[in-house]
Amino acid sequence: MYKCPFLINIKIREGVAPDMDVLLTAIIAFVSTNIDDIFVLMALFSQLDKKSLSLKQIVAGQYAGIVFLTLVSALAAWGLFFVPVPWIGLLGLVPLYIGIKGLLQLRKHASESEPEEIGVLVAGEDPALFKGASSTVIASFPVIKVAAITIGNGGDNIAIYIPLFANSGLSGGLIITAVFMLLVGVWCYLGFQLVKNPIIAKGIKAGGNKLIPFVFIVLGLYIIMESETYSLFL
24 MYKCPFLINI KIREGVAPDM DVLLTAIIAF VSTNIDDIFV LMALFSQLDK
74 KSLSLKQIVA GQYAGIVFLT LVSALAAWGL FFVPVPWIGL LGLVPLYIGI
124 KGLLQLRKHA SESEPEEIGV LVAGEDPALF KGASSTVIAS FPVIKVAAIT
174 IGNGGDNIAI YIPLFANSGL SGGLIITAVF MLLVGVWCYL GFQLVKNPII
224 AKGIKAGGNK LIPFVFIVLG LYIIMESETY SLFL
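Per my numbering, numbering of the sequence shown is gapless, rising by one per residue and ending at 257.
Structure follows, in structure tokens:
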């Protein structure tokens with residue numbers, strides 16, 4: 024039976040309120056896709072002493088970048104309005120693939136004497152995407168520069184957010200957006216504080232690299248199960 028994704032409610036486990044289920048899923052999705060953003064923010068906040076960026080510009084740019092990624096994801100999910108829910112659930116294969124690939128990378132790097140850092144920007148470094156990219160527009164508008172860095176670093180965000188929005192309905196989408204906006208502020212605060220505590224930052228980086236692949240796998244399976252995608256093969 025066809026079900027329109029923006030009119031359905033998320034199926035929930037017994038004893039868990041719908042809004043709480045959406046809330047927890049949104050938190051997990053944001054955290055898992057933005058661990059590396061903490062280190063991008065650390066790199067940016069480390070430039071405050073050089074007067075090239077202000078605190079307000081960094082925060083505004085981070086918000087602008089996440090708003091853009093969220094909007095693109097929501098619009099893409101809206102484009103799937105007339106697609107049956109089980110087929111939308113196939114998008115869950117994307118985070119599942121990312122998670123499995125991450126586990127294989129961890130296994131590979133664990134066997135090397137000097138493992139390469141995975142998806143983490145070291146404070147003080149410029150993102151590779153913007154090496155030599157000192158265009159007048161970017162240089163003149165620091166907020167745009169920060170937003171562009173956030174967007175360029177957010178490919179995995181879109182891959183996770185599209186199926187999340189597509190399976191959450193209109194009210195769920197509003198909850199997800201509100202959670203994302205709240206957590207952007209939390210992320211900015213953490214990035215600012217961690218510049219002063221590099222030891223803690225190192226621990227987050229090490230733990231995050233090992234944990235995130237498992238989170239992506241769980242998210243992928245969650246999307247597939249909630250969309251009843253398995254019914255396509257029965």
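Quick reminder that beta carbons are idealized off the backbone N, C-alpha and C, glycines included.
Kindly provide the ranges of any beta strand (DSSP E) runs that are 3 or more residues long and lie completely inside the segment 86 to 134, ordered along the chain.
none
Apply the 10 Å Cβ neighbour rule to tyrosine 86 and answer buried if 16 or more other Cβ atoms are within range, or exposed otherwise.
buried
Can you round the beta-carbon distance between threonine 252 and glycine 102 to whole angstroms, since I take them to be within the 8 Å contact cut?
No, threonine 252 and glycine 102 are not in contact; Cβ-Cβ is about 18 Å, not under 8 Å.
CB-CB under 6 Å to asparagine 180, same chain, minus the five flanking residues each way: which ones, in chain order?
Thr56 and Leu92
Helix, strand or coil: which one does DSSP assign to leucine 234?
helix
Taking the alpha carbon of lysine 233 as the point to measure from, which residue in Ile247, Phe188, Lys131 and Pro165 has its own alpha carbon closest?
Lys131
What is the DSSP secondary structure of serine 254, reduced to helix, strand or coil?
helix
For serine 55, name the three-state secondary structure that DSSP assigns.
helix
Assign glycine 208 to one of two classes, buried (16 or more other C-beta atoms within 10 Å of its C-beta) or exposed (fewer than that).
exposed
Kindly list the residues whose CB is nearer than 6 Å to the CB of glycine 177, restricted to its own chain and excluding five residues on each side of it in sequence; keep chain order.
Leu92
Taking Cβ to Cβ, would you say proline 99 is nearer than 8 Å to isoleucine 185?
Residue 99 is actually alanine in this sequence, not proline. Yes, these two residues count as a Cβ contact at 8 Å.
Would you report the Cα separation of phenylalanine 215 and lysine 79, rounded to the nearest angstrom?
The straight-line gap from Cα to Cα measures roughly 12 Å.
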